[in-house]
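What the sequence shown shows, in my numbering, is residues 91 to 650, in sequence order. No residue lacks a Cβ here, since even glycine has one placed at the ideal position from N, Cα and C. All figures in this text were calculated on a predicted structure; none of them were measured in a lab. Notes to accompany the following structure.
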Amino acid sequence: MTTETLKKTLIDKGFLTDGQWEEAVSFPERNGGRIDRDLVERGYVSEADMLGVLAFLLGVPYLNEISDNLTESSVTEIFPETFLRQNKCLPLKRENGFVTLATSDPLNVEVLNEIAVSLDSGIKVVVIPGEELERAIEKFCGSHDTAEKTIQDMEEFEVAPEEGEESEDLLDLANKAPVIKLVNLILFQAVKERASDVHIQPYEKELRVRYRIDGILHDYLTPPKRYQSAITSRIKVMAKLNIAERRLPQDGRATIKIDSRQIDIRVSVISTAFGERVVMRLLDKENLFLGLAELGLSQDKLAVVSRLIRNSHGIILVTGPTGSGKTTSLYAALSKINSPDKNIVTIEDPIEYQLPGISQIQVKPKIGLTFANGLRHIVRQDPDIIMVGEVRDVETAEIATHASLTGHLVFSTLHTNDAAGAMTRLLDMGIEPYLISSSVIAVIAQRLVRLICEKCREEYSPGEEVLAEIGLQGRNVNTLFRGRGCQHCLETGYRGRTGIYEVVVINEEIRELVLKRADANSIRKKAFEKGVESLRSDGAEKVLKGLTTVDEILRVTQED
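Have a look at this one:
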């Protein structure tokens with residue numbers, strides 16, 4: 091198989107354009123010269139499409155999943171789990187003198203030959219998606235230690251503090267092997283299940299461990315209440331917090347590695363009536379970054395946003411509640427316009443992803459480095475583009491507006507329910523109407539909605555009342571889609587998330603309303619009159635495309 095054959099096949103199948111291919115091959119040093127990896131990393135071709143094409147060109151089977159009848163434990167357990175994950179392969183079964191080998195990297199001939207030599211056998215390659223391969227490795231040869239078994243070990247080690255124990259005793263508890271193992275298992279399982287947050291919640295007679303997956307909390311484990319102090323103390327040790335302080339809130343950070351992936355953990359501890367409550371935000375740096383085209387913007391909105399972020403000055407605000415993907419959207423926008431001829435500086439709390447070629451500043455209130463103070467100094471650094479993590483106060487808002495009026499493009503976020511509410515929020519902060527109308531060029535409101543699980547997706551016929559709830563009445567819709575629920579999606583019917591958006595470009599009519607200090611309803615009404623699509627309307631289009639469900643759109647949007 092030659093690169094020309096790969097290029098022709100991808101283009102013929104409609105997965106790629108000539109321009110995208112030429113752009114990728116112009117940087118041969120990326121990904122070690124592997125054009126297939128580069129095309130997937132750039133988002134030009136999906137992993138599934140690329141692997142399907144490679145399997146076709148190599149003349150080997152392509153499998154969507156690995157079932158139990160395709161494996162033999164005597165074969166799957168030959169190689170260490172770490173080796174299999176690093177080299178993206180899994181031996182499945184020995185038959186007629188050959189070993190069937192599943193891989194998500196069929197062009198890594200060196201590894202395939204190494205495995206064949208180690209097995210002293212010929213191999214039959216089958217190609218499988220990377221996510222399914224990871225799941226198969228975990229299922230057939232992963233660690234079989236469980237949280238429940240570890241809790242049994244804690245019973246044997248008598249890991250349970252007595253009332254009134256001193257901090258030295260807590261430190262000793264936190265460093266006992268079973269406690270360390272249990273906390274590690276909780277975090278490992280959280281990363282495996284794609285959890286964004288881990289909650290350790292104490293109640294009167296029980297302790298709950300819960301994961302937030304795709305925006306929804308799920309119960310994972312209920313350890314005995316007497317292990318609460320040991321678990322909490324271990325997490326405090328990891329985050330370099332004071333384990334003796336149990337009354338005041340504490341915040342900390344930790345970093346762990348799971349299968350060579352670096353996971354940053356933000357830890358928050360507060361005291362409640364039944365003990366300390368811990369929430370850990372997990373930031374997987376491999377999965378955080380998305381390109382602008384991958385956020386879920388429709389083609390029309392993507393074109394508008396792409397044009398807006400190339401303005402020379404003005405403020406672009408992204409609004410939505412906590413956890414709605416605002417920072418990810420800003421990172422995608424900055425990466426899109428980042429180039430050697432632009433000086434881009436950000437001030438954030440926290441820095442969630444390191445952006446190459448961009449200067450990023452971490453807010454440090456303890457030493458006086460606030461958003462406002464940092465922004466005041468950033469404008470003296472001759473920036474072209476500034477990103478402020480959040481407009482929290484009038485001082486930050488005033489400096490941002492003045493910066494935009496003196497030739498800088500400013501990106502920032504606000505916590506408001508919709509785009510129109512951002513304008514009134516700034517007015518409520520005390521910003522003069524003429525500054526807002528002169529500086530803000532666009533407001534983007536967004537929410538994250540869960541995607542229907544591909545493994546259990548099914549059709550159904552919606553009733554007219556269901557369609558009416560999201561404004562689809564009279565559209566002659568005969569079938570919609572939903573998830574039935576399966577092991578792949580934790581029986582929820584959903585797996586993964588995408589965004590829905592409301593993009594309001596500030597025109598003269600909206601500026602006039604701002605100057606008159608009009609309320610959010612008046613601004614919203616004017617925007618919709620000019621053709622702006624609401625969050626719910628954008629969600630309805632994704633329902634029609636079979637990406638999500640009516641219930642999911644109703645869950646994250648308010649009545650228009």
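The distance from the Cβ of Ser414 to that of Arg601 is about 26 Å, inconsistent with a contact at the 8 Å cut-off. Residue Lys214 holds the alpha-carbon nearest to the alpha-carbon of Cys179 among Lys214, Arg574, Leu147 and Asn186. Sequence-distant Cβ neighbours of Glu559 in its own chain, meaning closer than 8 Å and more than five residues away, are Val640 and Leu644. The beta strand (DSSP E) runs lying completely inside the region 306-373 and spanning 3 residues or more are 306-311, 340-348 and 351-362, given in chain order. In the structure shown, the three-state DSSP call for Phe618 is helix.
Contact between the region 302-312 and the region 324-342 is absent, with fewer than three C-beta pairs closer than 8 Å. In this structure the region 418-429 does not lie against the region 450-468, because fewer than three pairs of beta carbons, one per stretch, are closer than 8 Å. Around the beta-carbon of Ser502, 16 or more other beta-carbon atoms lie within 10 Å, marking it buried.
By alpha-carbon distance to Arg482, the top candidate from Asp474, Ile427 and Phe461 is Phe461. Rounded to the nearest whole angstrom, the C-alpha separation of Ser157 and Phe169 is 19 Å. For Ile534, the closest of Leu557, Arg547, Asp628 and Tyr584 by C-alpha to C-alpha distance is Asp628. By the Cβ criterion, the region 604-620 is not in contact with the region 545-556, since fewer than three pairs of Cβ atoms, one from each stretch, lie closer than 8 Å. Around the beta carbon of Glu488, 16 or more other beta carbons sit within 10 angstroms, so the residue counts as buried.
Taken through DSSP and simplified to helix, strand or coil, Cys579 comes out as helix. Note: Gln291 is bridge-paired with Arg298 in the DSSP secondary-structure output. Counting along the chain, Val135 sits inside no alpha helix (DSSP H), nor does DSSP assign it H or E at all.
If only complete runs of 4 or more residues are kept, the region 420-500 shows the alpha helix (DSSP H) at 461-468 and 484-495, in order along the chain.
Here Ile303 is buried. Its C-beta has 16 or more other C-beta atoms within 10 Å. By the C-beta criterion, the region 507-514 is judged to be in contact with the region 600-614, since at least 3 inter-stretch pairs fall below 8 Å. In the structure shown, the three-state DSSP call for Phe571 is strand. Taking the Cβ atoms as the reference, Leu504 lies roughly 5 Å from Leu407, within the contact range of under 8 Å. As a beta-bridge residue in DSSP terms, Tyr591 pairs with Gln536. In the structure shown, Val408 falls within a strand segment according to DSSP collapsed to helix, strand and coil. When the beta-carbon positions are compared, His403 and Gly464 stay at least 7 Å from each other.
One alpha carbon belongs to Pro219, the other to Val201, and they sit about 18 Å apart. Comparing alpha-carbon positions, the option among Val484, Leu297 and Asp126 lying closest to Gly520 turns out to be Val484. The beta carbons of Asp472 and Asn433 sit about 6 Å from each other, so the pair counts as a contact at 8 Å. The three-state reading of DSSP puts Arg547 in strand, counting E and B together. Looking at the backbone, the Cα of Val530 and that of Lys326 are separated by about 42 Å. Take Gly583, set aside five residues on each side of it, and the residues of its chain with a beta-carbon closer than 7 Å to its own are Ile542, Cys543, Cys546, Arg572, Gly573, Arg574 and Gly575, in chain order.
Taking a 10 Å sphere around the C-beta of Gly104, we find fewer than 16 other C-beta atoms and assign the residue as exposed. Remark: C-beta atoms of Leu106 and Tyr152 do not approach each other more closely than 7 Å. Here the alpha carbons of Ser528 and Asp518 stand approximately 17 Å from one another. For Arg127, the enclosing alpha helix (DSSP H) has its first and last residue at Ile125 to Glu131.
Between Glu222 and Glu155, the C-beta spacing is below 7 Å. The C-beta of Lys632 has 16 or more other C-beta atoms within 10 Å across all chains shown, which makes the residue buried.
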